[in-house]
Structures are given as structure tokens and as C-alpha cells.
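Line by line, the protein sequences give chains A and B. Under my numbering, the first residue of the first sequence is numbered 558, with each subsequent residue one higher. Under my numbering, the first residue of the second sequence is numbered 375, with each subsequent residue one higher. Glycine residues also receive a C-beta, built at the ideal position from the N, C-alpha and C atoms. All figures in this text were calculated on a predicted structure; none of them were measured in a lab. Structure, as C-alpha cells:
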Amino acid sequence: MAWKTLYWEDTKEGEALPEATREITATTVVSCAIASRDFTPLHHDPDAAVAAGLKDIFLNTPTIYGFAGKYLTDWTGPEGEIKQISLRLMMPALSGDTLTMSGKVARKYIDDKQHLVDIEFTFSLPTMPNCTGKATVELPTRVSE
Amino acid sequence: MEQLKAYTNVDGPEVNAPDEVSKATIRHWCEAMQDGNPLYTDEGYARTSKYGSIVAPPTMLMAWSFPPLWPPIESHEGPLDNVLVLLDAAGFNQVIITGTSQRYLKPLFPGDRVSFNYRVENVSPERQTALGNGHFVTAVFVYRNQKGEEVGNQTLTILKYRTAA
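This is the structure we're talking about:
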């Protein structure tokens, strides 16, 4: 199978990343929590979530990182190398929600020979954002050194 | 607050991840996240990549650091535990993560052993939030491989709050 490669030269500042969605079911919340080895009751026990003032179990933070990583390298292809991600977490993504992911190239630059793009992204719930994030990704270049 | 200050900017103990990095752990992560990046699960592709092998998704950093459910581990008595216990005792018994960042410095390969330590950088004064009154606690985690090389680090801001009546 051929994998796509997004070259640094083929991106531009302001460019939108393709939108993606993910249905969040109880299975999503629990399977992602277990895959991240997080047994905190808020991510598998609805009673614990209600006691904490929430309506249902919700995605844990490692999962938001996991979704962000997937969102970024689905766009760049496997040669995109994520350097950093920062997240501002707002409304938890609950079982039953649909998460819509969107983003754009905020900045394109070369630093210490690395061809980098800064991405700003938002994971949205129907009424408000689940989180906003920023990431830096190194991309392959068409110019050989 | 004085007691809380005593625990800030003190390094916690070095903690070893319960498991080494493995293809199975990586695949379980990719299965749940629905991440098809071939660097993580396609041996043929990964061998031809610049890494020459399967690597773990960099975003798995936190997955290496959760303690085992069983058998019980000896309490680490780290500064973060101490801060959380103090805040629990003061009635701020709920916890939620509000902000976080990760930097990825080196890839992790199957067979690598991760360890980490952390320090609490700041505990805020009591603040009003939509969830209830609480304190924001900021901690920084540093992750290393078995060679002692830093593979990544993470900042975590946690709100310890009291559910609004």
C-alpha cells in the first residue's frame, strides 16, 4: 500500500486541514481509556461521572492526544513528525457526543533546518468546543540539501 | 497554602513504567484511537522508514505512566500525591484536567523501558470556576528511556474542585 506524503512546500499558511468526525460511544470512551491504561472511574463508570457533576463518562486526556495525533498524521501521512501538542480542554466529550475536528496551518517556517508547520485545531461538540489545540509538525521537503 | 508551597518545585521520585514498550500495547492504542499510521503497526513499512522499526505513537506518553491497578504499589509519596491529598482533605475532592502540553524529543521503540519523574510547578489560590471553586495545580513530567535519554515531557494543569451545590 502506498502512503501519502505531504511535503512542506505543498502547504500554505491559512490552509484548512480536512474536517474529520468521530462518534463517541461508551465503547469509544472505555476502549480508549483502557488502551491508555487509565482506570479512573470517570472514564468507565457513569455513576462516578454524575457524582463529579457530569452527565456521563467522557474521553480522558490521553485520548484527546491520541485523536490529535491521528488527525495530524492522517493529514501529513506517516512522514509527518509531531514535535509538540498543547491542549486547552473545555467541555468534556461525553458518551453519545459527536466530535468534529477541524484545523488550519497557522504558520510555516524553517528552524534549525527543520521544515515546520504550526497547526491550530479545534475539536467541537454540537454546542461548544471540547478543546482547542496547537501542534508543531515537521514535514519532509522536496529540496535536497 | 503554606503546606502546599512546601511541595512545589521539588522533584518527585523516578518511577518505572509497569510495562516495556511493546507492539501489542501500541496496537491496542491504535485500535482504540483508529490510527492507521503504518509506522505504528505495519512492520514492512516501518522497516523502510527513517526509524527502521515500528515506533510508538508519540502521543502515548501518558499511557506509560499510569500505575498498575494490582498488585498495590508502595505509595510513591511524591509531591503531586501530597498536594492532591491536602486538597482532598480541604474538600476539593473532584479533579479534572484543564490544560496540557507535550513535547516529543525521541521515538520509543518496542522493548524500550520508560521511566518518569515530575515536579509540581504551581498551586493557584482558590478560584471560582464553572464546575465549582477550586485550585489549579500545574505539574511537569519528564519521560526517559532505559538509556536515561529524555524522550518527551508533559505539562499538566489540573483543577481540584468542590462540586457546586
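| Asked | Found |
| --- | --- |
| What are the boundary residues of the alpha helix (DSSP H) that GLN408(B) is part of? | Looking at the DSSP string, GLN408(B) is not in any alpha helix (DSSP H), and its letter there is neither H nor E. |
| Anything in chain A within Cβ reach of ASN411(B), meaning under 7 Å, just list it in chain order. | THR630, PRO635 |
| Quick one: give me the first and last residue of the alpha helix (DSSP H) that PRO453(B) is part of. | 453-463 |
| Looking at PRO598(A): is its Cβ nearer than 8 Å to the Cβ of ALA592(A)? | no |
| Using beta carbons (cut-off 8 Å, strictly below), is TRP561(B) in contact with chain A? | As shown, chain B starts at 375 and ends at 539. That puts residue 561(B) outside it, with no answer to give. |
| Who are the neighbours of GLY542(B) on chain A, taking C-beta pairs under 7 Å? | With chain B covering only 375 through 539, there is no way to say anything about residue 542(B). |
| Sort out for me which residues DSSP pairs ASP675(A) with in a bridge. | ARG664(A), THR693(A) |
| Go ahead and pull the three-state DSSP assignment for TYR381(B). | coil |
| Mind checking who ASN496(B) pairs with in its DSSP beta bridge? | THR512(B) |
| With a threshold of 16 other CB atoms inside 10 Å of the CB of GLU638(A), please say whether the residue is buried or exposed. | buried |
| Since I believe ASN491(B) is in contact with PRO392(B) (beta carbons under 8 Å), could you give me their beta-carbon distance rounded to a whole number of angstroms? | The Cβ separation is near 16 Å, so there is no contact. |
| What's the C-alpha gap between MET375(B) and TYR535(B)? | 15 Å |
| Just to confirm my understanding: we take TYR425(B), look at its own chain, exclude 5 residues before and 5 after, and list those with CB closer than 8 Å. What are they? | LEU413, PRO481, PHE483 |
| Note down, in chain order, all residues in the segment 477-493 of chain B with a beta-carbon under 7 Å from any beta-carbon belonging to chain A. | ARG477, TYR478 |
| What's the C-alpha gap between GLU524(B) and PHE515(B)? | 11 Å |
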